[in-house]
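Report on one structure; see the data block that follows.
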Amino acid sequence: MAYAYDDQNIFAKILRGEIPNATVLETEHTLAFNDIRPQAPVHVLVIPKGRYVTFDDFAAHASPEEIVDFHRVAARIVAEAGIGPGAGGAGYRTISNAGADAVQEVPHYHLHILAGRPLGRMLDRG
Ligand code: 5GP
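In numbering that gives the first Met the number 0, the protein residues as written are 0 to 125.
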């Protein structure tokens, strides 16, 4: 079944400028901003400007330009924050929640970039 995009989701409102955000980086296709409830010293959300609900929706339906731009923005955030292990940083985690089991709160595709403290094992069992 195809995804139905909800134009009233909070990130759609941020993209329309109806709600403020702390922008970290913006390009033609992508916006990155600080999470309002950070779970680590670095907690940035990267979102496409297009109407995609989840990772699989974005990966299947976005244009190559959107997909490349999205990932380049994420890479620039890692580089500028100095958290990439390849550049001597202490590391980071990317997370993308999709649907009920993953407790996706906002139905607009987003990548969390978390860093700045030890992040523990990948999943807890709660
Ligand atoms: P999800 O659970 O969907 O993967 O994550 C949604 C994230 O969006 C949460 O970490 C939450 O703190 C963040 N968030 C929700 N509403 C807002 C908002 O209005 N502004 C910002 N910057 N982040 C938000």
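Virtual Cβ for every residue (Gly too), placed ideally from N, Cα, C.
Every value quoted in this text rests on a predicted model; they were computed, and no experiment measured them.
Hey, quick one: how far does the beta strand (DSSP E) through residue i stretch, first residue to last?
{"i": "L113", "result": "L110 to A114"}
{"i": "Y91", "result": "Y91 to I94"}
Taking the alpha-carbon positions, what's the residue i to residue j distance?
{"i": "A78", "j": "P40", "result": "16 Å"}
{"i": "R124", "j": "G49", "result": "33 Å"}
{"i": "V43", "j": "L113", "result": "7 Å"}
{"i": "A61", "j": "D55", "result": "10 Å"}
{"i": "A99", "j": "A80", "result": "31 Å"}
{"i": "F10", "j": "I35", "result": "12 Å"}
{"i": "Q103", "j": "A97", "result": "5 Å"}
{"i": "P117", "j": "G87", "result": "15 Å"}
{"i": "F69", "j": "A59", "result": "14 Å"}
Excluding five sequence neighbours on each side, which residues of the same chain lie with their C-beta closer than 7 Å to the C-beta of residue i?
{"i": "P106", "result": "D5, N8 and V52"}
{"i": "E65", "result": "H28, P47 and G49"}
Excluding the five sequence neighbours on either side, which residues of its own chain have a C-beta within less than 8 Å of the C-beta of residue i, listed in chain order?
{"i": "I76", "result": "V23, L24, A31, V43, V45 and I112"}
{"i": "N33", "result": "N20, A21, V23, H42, V43 and L44"}
{"i": "G73", "result": "Note on identity: in this sequence residue 73 is Ala, with Gly being the wrong assignment. Answer for A73: A31, V45, T93, L110 and I112, listed in chain order."}
Below 6 Å CB to CB, which residues in the same chain sit around residue i once its five sequence neighbours on both sides are set aside?
{"i": "I13", "result": "N20"}
{"i": "P84", "result": "G90"}
Start-end ranges of the beta strand (DSSP E) lying completely within the stretch 14 to 78, minimum 3 residues: 22 to 25, 29 to 33 and 41 to 47
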